[in-house]
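Its first residue numbered 1, the sequence shown is counted upward by one per residue in the UniProt record's numbering. Ideal Cβ placement from N, Cα and C applies to all residues, glycine included. Comments concern the structure below.
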Amino acid sequence: MANRQHLGINIDRKKLLCLRYRRSLQRLVKKNRTKSTLELTEMFCTGHRGISTCTNRRELKRMEQNNCASTRKPLLSAINRRKILEFAKKRQDLTVKQWGNFRWTDEARFSLFQNNGHTRVQRELHEALDPS
């Protein structure tokens, strides 16, 4: 049997993960969708053979598990709208100088962690708007 590496197919090489390990990885991803690929690799390696993060990403792509940005929830709920309206009604007669003493959250960014609140989710192709 000839080696068909020039076609992008390598028949002689054995797959690193068998079907059983792939199913196990898929179950792990479905339970922990918000974990990063590095964390998923560490979790997978505790019970199975060690694989690299690149191999894990490659296997996830083969399983059509895409690393997508999570969907955003609506910024204002009904309770928050009511609170904002009450806040504005109480301070309706303030001058411009007095309004200058307030610190608005849209004027400055408050960041506790490096990712600035951006979360990634492992998602299949047909799960377009599933935020979990």
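Asked	Found
Measuring only from the beta carbon, is residue 23 closer than 7 Å to any heavy atom that is part of the ligand ATP?	The ligand ATP is not part of this structure, which contains no ligands at all.
In chain order, which beta strand (DSSP E) runs of at least 3 residues are fully inside the UniProt domain "Transposase Tc1-like" (22 to 92)?	65 to 69
As a quick exercise: from 67, 63, 119, 25, pick the residue whose alpha carbon is nearest that of residue 50.	25
Taking the alpha-carbon positions, what's the residue 85 to residue 100 distance?	19 Å
Mind reading off the beta-carbon distance from residue 36 to residue 123? Whole number of angstroms is fine, and I expect it under 8 Å.	With a Cβ gap of about 14 Å, residue 36 and residue 123 do not count as contacting.
Beta-carbon separation of residue 32 and residue 40 under 8 Å?	yes
Measure the C-alpha to C-alpha separation of residue 77 and residue 91 and round it to an integer number of angstroms.	21 Å
Taking all protein chains shown into account, do 16 or more other C-beta atoms lie within 10 angstroms of the C-beta of residue 65, making it buried, or fewer, making it exposed?	buried
So residue 16 packs on residue 55, CB below 8 Å; how close in whole Å?	6 Å
To the nearest angstrom, report how far apart residue 43 and residue 27 are at their CA atoms.	12 Å
Within 10 angstroms of the Cβ of residue 75, are there 16 or more other Cβ atoms? Answer buried if so, exposed if not.	exposed
Can you give the Cα-Cα distance for residue 83 and residue 125, rounded to whole angstroms?	39 Å
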